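My numbering applies: residue 221 is where the sequence shown begins, and numbers increase by one. Glycine residues also receive a C-beta, built at the ideal position from the N, C-alpha and C atoms. Bear in mind the structure is a predicted one, so any value in this text is a computation, not a measurement. Notes for the one structure printed next.
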Amino acid sequence: MEWHESGTPEGDRHDGEMFLLFGTRMSEQLINVVTFVCGFCHTNAQQNVIKASNKFTLFFVPLFSFSTRYRNECTHCGGRTALTAAQVAHSMNSPARVPGQ
Ligand SMILES: [Zn+2]
């Protein structure tokens with residue numbers, strides 16, 4: 221008795237493709253609040269020091285930060301100034317600093 225296999229060949233199908241879902245996510249964090257005379261509104265107002273990180277995500281899970289920026293945001297007028305990491309470190313040590321003086 222002979223057995224003849226009668227199946228449909230499926231050699232052209234691509235079931236093994238992987239679907240990777242990746243992207244970036246911006247997260248912002250208030251890391252310090254300092255008070256000095258704002259360069260925009262010239263008011264002695266609280267300034268929020270904000271750390272903004274761009275994170276690489278895979279399936280919505282943040283893996284690592286690939287760019288981190290700091291900025292200063294005036295709570296009185298909303299004026300924003302970019303900060304360097306060194307300036308942020310300095311603001312941690314002297315909370316009542318007046319920039320540019
Ligand atoms: Zn201001």
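Just to check my reading of the structure: residue i and residue j have Cβ atoms closer than 8 Å, yes? What is that Cβ distance to the nearest angstrom?
i, j, result
"residue 245", "residue 271", "The Cβ separation is near 14 Å, so there is no contact."
Relative to the C-alpha of residue i, which residue among the options is closest?
i, options, result
"residue 267", "254, 313, 281 and 260", "254"
"residue 295", "281, 261, 248 and 285", "261"
Sorted by chain position, which residues of the same chain lie with C-beta nearer than 6 Å to residue i's C-beta, five sequence neighbours on each side aside?
i, result
"residue 251", "269 and 271"
"residue 240", "none"
"residue 242", "278"
"residue 288", "273"
"residue 302", "291"
"residue 248", "270 and 272"
Residues in the same chain with beta-carbon distance under 8 Å from residue i, minus the five sequence neighbours each way, listed in chain order, please.
i, result
"residue 304", "290"
"residue 297", "258, 260, 261, 263 and 265"
Q: Mind listing, in chain order, the continuous beta strand (DSSP E) runs of no fewer than 3 residues lying wholly within the segment 228 to 283?
A: Listed in chain order, the complete beta strand (DSSP E) runs (minimum 3 residues) inside the segment 228 to 283 are 242 to 257 and 264 to 278.
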